[in-house]
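Engineer: When you read off a place in the sequence shown, starting at 1, and then add 4, the result is the number in the working numbering. Heads up, the beta-carbon is just placed ideally off N, CA and C, and yes, glycines get one too. Below: one structure in structure tokens.
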Amino acid sequence: MQQIRSCWHFLLAEPFRLIFSYLFQPTAFKSKFETDLIHRLLLILRICLPVFLCMYPIVLLVRLILPPLFPGLYVYTLANSGIRRFLFDTAWATALGTTGGILGAVTISTSLGITLCISVSLLSGITVDT
5 MQQIRSCWHF LLAEPFRLIF SYLFQPTAFK SKFETDLIHR LLLILRICLP VFLCMYPIVL
65 LVRLILPPLF PGLYVYTLAN SGIRRFLFDT AWATALGTTG GILGAVTIST SLGITLCISV
125 SLLSGITVDT
């Protein structure tokens, strides 16, 4: 039970606290986490899963709303491909955006990198159609 709790804390609880700190205490976050490249890489990788978990429902909602308004926008919509293909396509596009955001975030500062990771994940999830 202790291993599950420590895994939960390491993978989800602490990264969500870091995102909260980034959003609501940016000065303290910047002074605490703007360090060398290795530390920044580890921080961004820990934030990867929470960013995906936060962006996926938003992207899913947008991808449900846009096809009736713009019929030719997506190849795989819920109406013509089924729920499994639609969910997979949305998850794949969001994961692709999260990965792209992480690659960009590693090269820039931590605070700007997290913003880049969130925005690229959201935009890629909405626009990429596989």
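1. Return helix, strand or coil for Gln29, following the three-state DSSP convention.
2. Alpha carbon to alpha carbon, how far is Asp93 from Gly117? Give it in angstroms, no decimals.
3. Can you tell me whether Thr39 is buried or exposed, with buried defined as 16 or more other CB within 10 angstroms of its CB?
4. Beta-carbon within less than 7 Å of Val15's beta-carbon, same chain only, minus the 5 sequence neighbours each way: which residues are those?
5. Under the three-state reduction of DSSP, which class applies to Val132: helix, strand or coil?
6. Are there 16 or more other CB atoms within 10 angstroms of the CB of Pro19, so buried, or fewer, so exposed?
7. What separation, rounded to the nearest whole angstrom, lies between the Cα atoms of Ala99 and Arg89?
8. Mind checking Val124: buried by the 16 CB within 10 Å criterion, or exposed?
9. Check whether the segment 27-38 touches the segment 105-121, taking contact to mean three or more Cβ pairs, one atom from each stretch, closer than 8 Å.
10. Between the C-alpha atoms of Asn84 and Thr111, what's the straight-line distance to the nearest angstrom?
11. Taking the alpha-carbon of Leu127 as reference, which of Ala97, Ile106, Ala109 and Gly108 has the nearest alpha-carbon?
12. Over what stretch of residues does the alpha helix (DSSP H) that includes Phe90 continue unbroken?
Structural biologist: Concretely, from the data shown:
1. As a working note, residue 29 is residue 25 in the sequence shown. It is coil, neither helix nor strand.
2. By 1-based counting over the sequence shown, the position of residue 117 is 113. By 1-based counting over the sequence shown, the position of residue 93 is 89. Rounded to whole angstroms, Gly117 to Asp93 spans 25 Å at the Cα level.
3. Here residue 39 refers to the residue found at position 35 of the sequence shown. With fewer than 16 other Cβ atoms from the protein chains shown falling within 10 Å of its own Cβ, Thr39 counts as exposed.
4. The count along the sequence shown starts at 1 and reaches residue 15 at position 11. According to the sequence displayed, residue 15 carries Leu and not Val. Contacts found: Leu53.
5. Position 128 of the sequence shown, counted from the start, is the residue given in the question as residue 132. Here Val132 sits in coil by DSSP.
6. The sequence position of residue 19 within the sequence shown is 15, counting from 1. Under this definition Pro19 is a buried residue.
7. By one-based count along the sequence shown, residue 99 stands at place 95. By one-based count along the sequence shown, residue 89 stands at place 85. Computed Cα separation, rounded: 15 Å.
8. One-based indexing of the sequence shown puts residue 124 at position 120. With 16 or more Cβ atoms within 10 Å of its Cβ, Val124 is classed as buried.
9. Counting C-beta pairs with one atom in each stretch, the segment 27-38 and the segment 105-121 have three or more that are closer than 8 Å, which means they touch.
10. The residue given as residue 84 occupies position 80 in the sequence shown. The residue given as residue 111 occupies position 107 in the sequence shown. Going by C-alpha positions, Asn84 is about 40 Å away from Thr111.
11. The sequence position of residue 127 within the sequence shown is 123, counting from 1. Distance check between Leu127 and each of Ala97, Ile106, Ala109 and Gly108 places Ala97 closest, using alpha-carbon atoms only.
12. As a first step, residue 90 must be located in the sequence shown, where it is residue number 86. In the DSSP assignment, Phe90 falls within the unbroken alpha helix (DSSP H) covering Ile87 to Thr111.
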